[in-house]
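Reviewing the structure listed below.
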Amino acid sequence: MANLILVTGGTGFIGSHTVVELQQAGYDVIIVDNLSNSKIEVVDNIAKITGKRPEFENFDLSNRADVLNFFLRHKDIKAVIHFAAFKAVGESVNKPLEYYRNNVNSLMNILEAMKFTGVHNLVFSSSCTVYGQPEKLPVTEATPRLPAESPYGNTKAVNEDIIRDFCHANADINGIALRYFNPIGAHPSALIGESPVGVPNNLVPYITQTAAGLRKELSIFGNDYNTPDGTPIRDYINVVDLSKAHVVAIARLLNGKNKSNYEYFNIGTGKGLSVMELVNAFMKATGVNLPYKIVARRAGDIEQIYADTTLANNELGWKAEVPIEDTLASAWNWEKHVRGIK
Ligand code: UFG
């Protein structure tokens with residue numbers, strides 16, 4: 006029988022793509038998601054892509070009793086990938102308690118239930134936000150973490166620490182935190198992708214919605230940064246490439262290839278792109294003319310960050326492969342699919 010992997014948040018953006026890659030790599034998957042920011046139809050679409058329907062349960066992972074009950078009912082789980090979390094940076098500033106309660110309690114409940122039921126392996130969805138604005142670029146895993154810019158960012162840092170400390174106290178638990186840079190794009194099938202509720206905060210969904218005519222124009226938040234064209238630089242990682250990093254992390258844990266029982270890796274392309282470069286790459290990749298204007302800086306934005314991915318390349322045998330034009334075309338195809346645009 007195939008190894009069973011629990012994917013929390015498996016109907017979300019990165020979660021759904023990871024379920025596809027896990028199933029295509031031969032794993033069985035059970036998703037837990039409370040659908041607070043995703044739709045149940047995602048499960049159907051995963052089944053369409055892979056020909057295999059993942060199991061699905063709907064409950065809130067911040068409920069301790071429900072989590073323990075779930076693990077007791079599923080004794081064959083071999084590893085957990087924990088995506089389920091609130092993720093809106095701005096919202097977290099206004100609702101800190103909701104963010105800490107949801108994001109931190111869920112993780113603690115999962116770790117406790119893993120220990121109690123003998124599940125040994127966890128992959129955690131972390132973020133490059135833990136580096137803040139680093140002094141030296143690109144960032145390696147040795148780059149110091151800086152105080153978080155938002156409660157959301159702090160939940161990532163705190164959760165990394167909780168996993169580190171729990172692994173330190175429990176030699177039988179193995180954790181890997183993956184620090185994602187900026188995940189973008191969609192599955193090449195255009196059956197799953199990113200579905201932000203309301204006005205998107207993130208750059209690529211805003212671009213595709215503008216291209217689809219839902220938004221008048223893209224606002225570029227500042228061109229007076231200390232970068233070659235003045236716009237901020239990020240490391241945009243294709244969501245399918247990113248999902249594959251989870252599959253190799255799971256294999257590393259299941260095969261006992263991890264070098265210590267808590268590890269963390271940068272998951273990016275290693276290449277920084279400015280907002281302006283990304284906008285131009287989108288127009289080139291899709292042939293769509295994107296209306297935009299330069300406006301004031303957005304509060305809390307850092308100037309630039311991109312990954313040194315040497316550790317992930319060497320240790321996980323993973324690297325980003327999809328060219329940025331293909332990634333942006335996939336995001337546009339997904340938007341067209343959602344909007345019914347031919
Ligand atoms: N941007 C615009 N216009 C928009 C949206 C974004 O110009 O309408 C710019 C931003 O100023 C920034 C870049 O596009 O320079 C990327 O912005 P995103 O909001 O897409 O991504 P961020 O880098 O701000 O945030 C991402 C994740 C967070 C995570 C953070 C860590 O969304 O979850 O990286 O650095 F915390």
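Taking our numbering, the leading residue of the sequence shown gets 6, the next gets one more, and so forth.
Note that beta-carbon positions come from the ideal geometry of N, C-alpha and C, so glycine has one too.
Remember, predicted model here, so these are calculated numbers, not experimental data.
Which listed residue (A84, S194, N39) has its alpha carbon closest to that of K120: Measuring C-alpha to C-alpha distances from K120 to each of A84, S194, N39 identifies A84 as the nearest.
Separation of E117 from K324, as counted between CA atoms: 32 Å
A162 versus D177, N206, I197, Y104, residue with shortest Cα-Cα distance: Y104
Check: T13 C-beta below 8 Å from any heavy atom of the ligand UFG: no
First through last residue of the alpha helix (DSSP H) which encompasses G158: 156-174
Those runs of the beta strand (DSSP E) which lie wholly inside the region 244-306 and span at least 3 residues: 267-272, 297-300
Residues that E46 bridges to, as DSSP identifies them: None; E46 has no bridge partner.
Check whether T134 and Y157 have beta carbons under 9 Å apart: yes
V327 vs V245 beta-carbon contact at 9 Å: yes
Which residues DSSP lists as bridging Q309, in chain order: The partner list for Q309 (beta bridge, DSSP) reads I238.
Rounded Cβ spacing between V24 and G31 (contact assumed at less than 8 Å): Between G31 and V24 the Cβ distance is about 13 Å, and since that is not below 8 Å, they are no contact.
Assigned secondary structure, E199 (DSSP; H/G/I helix, E/B strand, else coil): coil
Cβ distance (whole Å) where S111 is taken to contact E165 below 8 Å: Incorrect: roughly 14 Å between the Cβ atoms, too far for contact.
G158 Cβ short of 8 Å to the ligand UFG heavy atom set: yes
heavy atom of the ligand UFG below 8 Å from D306 C-beta: yes
Any non-hydrogen atom of the ligand UFG within 8 Å of T274 CB: no
F226: CB within 8 Å of a non-hydrogen atom of the ligand UFG: yes
Spatial neighbours of E146 in its chain, beta-carbon cut-off 7 Å, leaving aside the 5 residues before and after: Y269, F270, N271, L316
Check whether M6 and D81 have beta carbons under 9 Å apart: yes
Whether H22 touches L247 by CB criterion (9 Å): yes
Contact test: P201 Cβ vs the ligand UFG heavy atom, cutoff 8 Å: Not under cutoff, so the answer is no.
Buried versus exposed, by CB contacts within 10 Å (16 or more), A304: Exposed, because fewer than 16 other Cβ atoms sit within 10 Å of the Cβ of A304.
Paired residues, beta bridge with R184 - DSSP: S131, N271
N-terminal and C-terminal residue of the alpha helix (DSSP H) that E330 is part of: Membership of E330 in the alpha helix (DSSP H) is indicated by the continuous run 329-344.
Where the beta strand (DSSP E) through E62 begins and ends: 60-62
Contact the region 57-72 vs the region 91-99: 3+ CB pairs below 8 Å: Result no; under three Cβ-Cβ pairs closer than 8 Å.
Inside the region 69-94 only - alpha helix (DSSP H) runs reaching at least 4 residues: 69-78
From I36, K347, A336, E26, residue whose alpha carbon lies closest to that of E199: A336
Three-state secondary structure (DSSP) of I36: Secondary structure at I36: strand, using DSSP grouped into helix, strand and coil.
Same chain, Cβ closer than 8 Å to L9, five either side skipped, listed in chain order: Y32, D33, V34, I35, H79, D81, I82, K83
Contact under 9 Å by Cβ, L278 with L223: no
Minimum C-alpha distance to Q333 - residue among N231, R302, I307, V284: Note that residue 333 is Leu in the sequence shown here, rather than Gln. If we check each option's Cα against that of L333, V284 comes out closest.
H173, buried or exposed, once every other Cβ within 10 Å from all chains shown has been counted against 16: exposed
Distance, R169 Cα to V128 Cα: 12 Å
Burial state of G56, where buried means 16 or more other Cβ atoms lie within 10 Å: So G56 ends up on the exposed side.
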